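Visitor: Here the protein sequences line up with chains C and X, keeping their order.
The numbering used here numbers the first residue of the first sequence as 13 and each following residue consecutively.
The numbering used here numbers the first residue of the second sequence as 29 and each following residue consecutively.
Just so it is clear, CB atoms sit at the ideal spot from N, CA and C, and this is done for glycine as well.
In this text the structure is predicted, and so the values were computed from the model without any measurement.
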Amino acid sequence: MCRCFGILLLGSLLGLLAHPAFARGTVLVVNSGAASLSVVDMTTRKEIRRIPVLREPHHVMLTPDRRDLLVGDTVGNELLDLDPDTYALRRRIPVADPYQLGFSPDGKLLVINGLARAQVDILDAASMKLVKRFPLKTMPSHMAFSPDGTRVFITLQGTNRLAALDLREMKVLYEVTVGKVPAGVLWLNGRVLVALMGDNGVAVVDPATGRVERIVQTGDGAHQLFLSPDKRILYVNNRVASTTVALNASDLTTLRVYPVPGGPDDIDFAPDGKLWITQRFAHGLATLDPATGAVDSIPVGRSPHGLIINPTAEATP
Amino acid sequence: MDPTVPFDTAAGWLQEHAVLPALYWLGLMQWEDVGYGWALFAVYGVAQVALMYAVCLPLERWRPVERWPDQKAVTVDIIYTLISRIGLLPLFTFVLFYQLQVWLNGMLTDNGYVPPTLERLFPALLGQQALTFFLYVVILDFADYWRHRLSHRFAWWYDLHALHHAQRQMTFWSDDRNHLLDDIIGFVWFTAVALLIGIPPLQFPLLVLLLRLLESLSHANTRLRFGWLGERLLISPRFHRAHHGILAAGQRSCNYGALLPWWDMLFRTADFSRDYVPTGDPEAEEALATGSYAVQQAAGVRRMVRTLAGREAVG
Chain C
13 MCRCFGILLL GSLLGLLAHP AFARGTVLVV NSGAASLSVV DMTTRKEIRR IPVLREPHHV
73 MLTPDRRDLL VGDTVGNELL DLDPDTYALR RRIPVADPYQ LGFSPDGKLL VINGLARAQV
133 DILDAASMKL VKRFPLKTMP SHMAFSPDGT RVFITLQGTN RLAALDLREM KVLYEVTVGK
193 VPAGVLWLNG RVLVALMGDN GVAVVDPATG RVERIVQTGD GAHQLFLSPD KRILYVNNRV
253 ASTTVALNAS DLTTLRVYPV PGGPDDIDFA PDGKLWITQR FAHGLATLDP ATGAVDSIPV
313 GRSPHGLIIN PTAEATP
Chain X
29 MDPTVPFDTA AGWLQEHAVL PALYWLGLMQ WEDVGYGWAL FAVYGVAQVA LMYAVCLPLE
89 RWRPVERWPD QKAVTVDIIY TLISRIGLLP LFTFVLFYQL QVWLNGMLTD NGYVPPTLER
149 LFPALLGQQA LTFFLYVVIL DFADYWRHRL SHRFAWWYDL HALHHAQRQM TFWSDDRNHL
209 LDDIIGFVWF TAVALLIGIP PLQFPLLVLL LRLLESLSHA NTRLRFGWLG ERLLISPRFH
269 RAHHGILAAG QRSCNYGALL PWWDMLFRTA DFSRDYVPTG DPEAEEALAT GSYAVQQAAG
329 VRRMVRTLAG REAVG
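See the structure below:
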């Protein structure tokens, strides 16, 4: 008995010593349907740890100072504050329905979309206190900030609308219809791009007026948009078509279409140029090599949604 | 390998290749998450039906309590089972429960009160799936004992519940044979308790599958007992058959438990003495026993309305 305890204690101490480097070279995947987080080793391409959470986590976000990793558990009604070096839980912050998370460019505000409760909460990022709540009908899902941080654009999945909020005055600037089931949203070249999940493309919206200027066809069920780290390629995931489409970021012309099975959702970019993509319905984490189009998949938990690569890599020499 | 993987893979395939294209075509893509919830319920529902068929049918063939010249009355029970375990009912209850949970718990969180869950009360339970599930099961089974007991106690409620008891050819298919209103009351009851203890509906699908198998087994037409100790730990077909016996129908019954006999023992409603009695409710009208699905549903409502209007239900 005593010997077992000693071995356990030694193991724990070794674990603690190993912690600072633990997160390096890993991907953290949020399994929305399994109430867990998967830690995947990027070298061995294996899930090395499964972290249980309370109910239904969806997205993960690193704080601007890179000191905290926030995971929103929607049905659990809490934000989990993890140590990005070790993924150890630091604290639980009670927040109603934290579905999508985003920090304003100056890092002072944390915007939280409550998809099921049809509300958008603006929190003071330092104190985590609620500054303003916007009830928005319905299903606020994704967000994008203007580069100057004065506005945030929220897609309203249930009512086919895009809302623009003024973060200085804390008021709704406008709500406009942009197309069927708007989901992912991104600011690019002075325009707001909105992926239309009920349609087959991306709406290009004038941020000043909310007017849809044109639709860029990408594939059925356009869901999320991600700009490559060099800002030259825009990747669009199409949920129904099960494809990832690469567009030229300057003129939005199609460069290549990559089949990615299993309902591709969120993307993060690895230093080697590969895309890591959650596959909601295949319960996998895909890696896409954009040079060859090769796709490999690693099994993770049920309905993986958000992900983040190696959150401490840039901060750690 | 994680045993849930084959089921999750099947549900994912169903979602990707059938549900999602259908939602897209119908212009209902905002419900894709709900669609996936249904795909999971449907896959696990099919697995439940397949498993109970594979386990219970051989037992019924091997050692039947009763043999019938034909089993026409059982057909409607199969319909009840398919509606209850694969069809719209799980979708409806899942959506409603999810919405209620989000609304209530979000409101509580907004007011500075952290919604209760067993795992918050006992953080060591996080990640201990089997133990957590067992505790949830014990609490829900206790709540279900009282729901069931009260459904016999109140005449208007028993008018609906009599549909479950009217079956004279009780088989493993009879578990889901319930009046829709009785199911809705049961759902509200379950939801209230589940919200109080924060039960996660999709977190333990495999364990729910086993639980439902035990509930089906308890209705099986088979001479199966678990022994003196076993019958005091888990409800057997013999024990539950006594509840469906013709002498136990109506307002004074026994053996109300669904899974654990502990509550019957604790509240002195357990009867371990009855051996493989004939089933049915002699007071129930024939339509409840042998009518079609629609006829049975209508008869249940008619009985309840009569009672509520002050006239006794026709037997």
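1) Using a Cβ distance threshold of 8 Å, determine whether the segment 198-206 of chain C contacts the segment 149-160 of chain C, with at least three qualifying pairs required.
2) Once you ignore the five residues that flank residue 160 of chain X on each side, which residues in its own chain have a CB closer than 7 Å to its CB?
3) Give me the subset of the segment 163-176 of chain X whose CB atoms are less than 8 Å from a CB atom of chain B, sorted by chain position.
4) For the segment 248-260 of chain X against the segment 204-211 of chain X, are there 3 or more C-beta pairs whose distance is under 8 Å?
5) Throw me the rounded Cβ distance for the residue 118 of chain C and residue 161 of chain C pair, which I believe falls under 8 Å.
6) If we ignore side chains and look at the alpha-carbon of each, how far apart do residue 221 of chain X and residue 171 of chain X end up?
7) What did DSSP end up calling residue 295 of chain X once you bin it into helix, strand or coil?
8) Which residues bound the beta strand (DSSP E) around residue 76 of chain C?
9) Quick one, which of C/115, C/72, C/89, C/256 has its alpha-carbon nearest residue 95 of chain C's?
10) Chain C beta carbons: is any one of them nearer than 7 Å to that of residue 343 of chain X?
11) Under a three-way DSSP split, which group does residue 46 of chain C fall into?
12) Does the CB of residue 252 of chain C have a neighbour CB from chain X at under 7 Å?
13) Counting only Cβ pairs nearer than 8 Å, list the residues of chain C close to residue 48 of chain X.
14) Per DSSP, what kind of secondary structure is residue 90 of chain C in: helix, strand or coil?
15) Closer than 9 Å between beta carbons: that is the criterion. Which residues of the segment 125-142 of chain X meet it against chain C?
16) Of all the options X/262, X/167, X/176, which has the alpha carbon lying nearest to the alpha carbon of residue 223 of chain X?
17) Give the DSSP-derived three-state secondary structure of residue 321 of chain X in the structure shown.
18) With a threshold of 7 Å on Cβ separation, who are the neighbours of residue 59 of chain X within its own chain once the five nearest residues in sequence on each side are excluded?
19) Would you tell me roughly how many angstroms separate the C-alpha atoms of residue 137 of chain C and residue 76 of chain C, rounded to the nearest one?
20) According to DSSP, simplified to helix, strand and coil, what is residue 309 of chain C?
21) So what does residue 134 of chain X bridge to, in DSSP terms?
22) Is DSSP giving residue 155 of chain C helix, strand or coil here?
23) Alpha carbon to alpha carbon, what distance is there between residue 224 of chain C and residue 107 of chain C?
24) Does DSSP put residue 241 of chain C in a helix, a strand or coil?
25) Leaving out five residues on either side along the sequence, give the residues of the same chain with a beta carbon under 8 Å from the beta carbon of residue 264 of chain X.
26) Taking C-alpha atoms, which residue in C/166, C/196, C/170 lies nearest to residue 185 of chain C?
27) Please list the residues of the segment 95-107 of chain C that have a C-beta atom closer than 8 Å to any C-beta atom in chain X, keeping them in chain order.
28) Rounded to whole angstroms, what's the CA-CA distance from residue 191 of chain X to residue 131 of chain X? Just pull it up for me.
29) Going by beta-carbon coordinates alone, are residue 259 of chain C and residue 246 of chain C separated by less than 7 Å?
30) Residue 359 of chain X CB to nearest chain C CB: under 7 Å?
31) In terms of alpha-carbon separation, which member of C/70, C/139, C/102, C/98 lies closest to residue 126 of chain C?
32) Report buried or exposed for residue 216 of chain X, applying the criterion of at least 16 other Cβ atoms within 10 angstroms of its Cβ.
33) Quick one, are the C-beta atoms of residue 249 of chain X and residue 89 of chain C less than 7 Å apart?
34) Would you kindly check if the distance between the Cβ of residue 290 of chain C and the Cβ of residue 277 of chain C is under 7 Å?
35) Identify which residue in X/304, X/303, X/285 has its Cα closest to the Cα of residue 295 of chain X.
36) Let me know if residue 286 of chain C comes out buried or exposed under the rule of 16 or more other beta-carbons within 10 Å of its beta-carbon.
Guide: Well, looking at it:
1) yes
2) If you number the second sequence from 1, residue 160 of chain X lands on position 132. Closer than 7 Å at Cβ, skipping near neighbours: 146, 147, 153.
3) The question asks about chain B, but that chain is absent: this structure's protein chains are C and X.
4) Touching, no.
5) Locating residue 118 of chain C in the first sequence gives position 106, counting from the first residue. Locating residue 161 of chain C in the first sequence gives position 149, counting from the first residue. About 5 Å; that satisfies the 8 Å criterion.
6) Position 193 of the second sequence holds residue 221 of chain X. Position 143 of the second sequence holds residue 171 of chain X. Approximately 7 Å, taken between the alpha carbons.
7) Sequence index remark: in the second sequence, residue 295 of chain X carries index 267 (1-based). Of the three classes helix, strand and coil, the one that applies to residue 295 of chain X here is coil, per DSSP.
8) Here residue 76 of chain C is taken as the residue at index 64 of the first sequence, counted from 1. For residue 76 of chain C, no beta strand (DSSP E) encloses it, and the DSSP letter there is neither H nor E.
9) Your numbering for residue 95 of chain C matches position 83 in the first sequence. Considering only alpha carbons, the answer is C/72.
10) Mapped onto the second sequence, residue 343 of chain X falls at position 315. Caution applies to residue 343 of chain X, whose pLDDT of 42 falls short of 50 and renders its modelled position unreliable; the value that the coordinates give is listed next. For residue 343 of chain X, the answer is no, since every Cβ of chain C falls outside 7 Å of its Cβ.
11) Translated into the one-based positions of the first sequence, residue 46 of chain C becomes position 34. Reduced to three states, the DSSP call for residue 46 of chain C is coil.
12) Position 240 of the first sequence, counted from the first residue, corresponds to residue 252 of chain C. Under the 7 Å criterion on CB atoms, residue 252 of chain C is classed as interfacial with respect to chain X.
13) Locating residue 48 of chain X in the second sequence gives position 20, where the first residue counts as 1. In chain order: 233, 251, 252, 275, 293.
14) Along the first sequence, one-based indexing puts residue 90 of chain C at 78. Three-state DSSP puts residue 90 of chain C in a strand.
15) 126, 127, 129, 130, 131, 133, 134, 135, 136, 137, 138, 140, 141, 142
16) What you label residue 223 of chain X is simply residue 195 of the second sequence in a count that begins at 1. The candidate whose alpha carbon is nearest that of residue 223 of chain X is X/167.
17) Your numbering for residue 321 of chain X matches position 293 in the second sequence. Residue 321 of chain X falls in the helix class under three-state DSSP.
18) Here the question's residue 59 of chain X lines up with position 31 in the second sequence. Counting only Cβ-Cβ distances below 7 Å, and skipping sequence neighbours, we find 51.
19) One-based indexing of the first sequence puts residue 137 of chain C at position 125. One-based indexing of the first sequence puts residue 76 of chain C at position 64. Using only the alpha carbons, I get a separation of about 10 Å.
20) For the purposes of this step, residue 309 of chain C is identified with residue 297 of the first sequence, where counting begins at 1. Residue 309 of chain C falls in the strand class under three-state DSSP.
21) Position 106 of the second sequence, counted from the first residue, corresponds to residue 134 of chain X. None; residue 134 of chain X has no bridge partner.
22) For the purposes of this step, residue 155 of chain C is taken as residue 143 along the first sequence, with counting starting at 1. DSSP places residue 155 of chain C in strand when its eight states are reduced to three.
23) By 1-based counting over the first sequence, the position of residue 107 of chain C is 95. By 1-based counting over the first sequence, the position of residue 224 of chain C is 212. Each residue's alpha carbon lies about 34 Å from the other.
24) Along the first sequence, one-based indexing puts residue 241 of chain C at 229. Residue 241 of chain C falls in the coil class under three-state DSSP.
25) Here the question's residue 264 of chain X lines up with position 236 in the second sequence. Once the five neighbours on either side are set aside, the close Cβ partners of residue 264 of chain X are 246, 252, 253, 254, 258.
26) Residue numbering aside, residue 185 of chain C sits at position 173 when the first sequence is read from its first letter. For residue 185 of chain C, the closest C-alpha among the options C/166, C/196, C/170 is that of C/166.
27) Cβ contacts with chain X come from 106, 107.
28) Reading the second sequence from its first residue, position 163 is the one you call residue 191 of chain X. Reading the second sequence from its first residue, position 103 is the one you call residue 131 of chain X. Roughly 34 Å separates the two Cα atoms.
29) As a working note, residue 259 of chain C is residue 247 in the first sequence. As a working note, residue 246 of chain C is residue 234 in the first sequence. Yes, these two residues count as a Cβ contact at 7 Å.
30) The structure shown does not extend to residue 359 of chain X, since chain X is modelled only from 29 through 343, so no value can be given for it.
31) Position 114 of the first sequence, counting from 1, holds the residue named residue 126 of chain C. For residue 126 of chain C, the nearest C-alpha among the options comes from C/70.
32) Counted from its first residue, the second sequence places residue 216 of chain X at position 188. It counts as exposed.
33) In the second sequence, counting from the first residue as 1, residue 249 of chain X sits at position 221. In the first sequence, counting from the first residue as 1, residue 89 of chain C sits at position 77. The answer is no: Cβ separation not under 7 Å.
34) Indexing the first sequence from 1 puts residue 277 of chain C at position 265. Indexing the first sequence from 1 puts residue 290 of chain C at position 278. For residue 277 of chain C and residue 290 of chain C, yes; Cβs fall inside 7 Å.
35) For this step, residue 295 of chain X is matched to residue 267 along the second sequence. Minimum Cα distance to residue 295 of chain X is reached at X/285.
36) The residue given as residue 286 of chain C occupies position 274 in the first sequence. Buried: at least 16 other Cβ atoms inside 10 Å.
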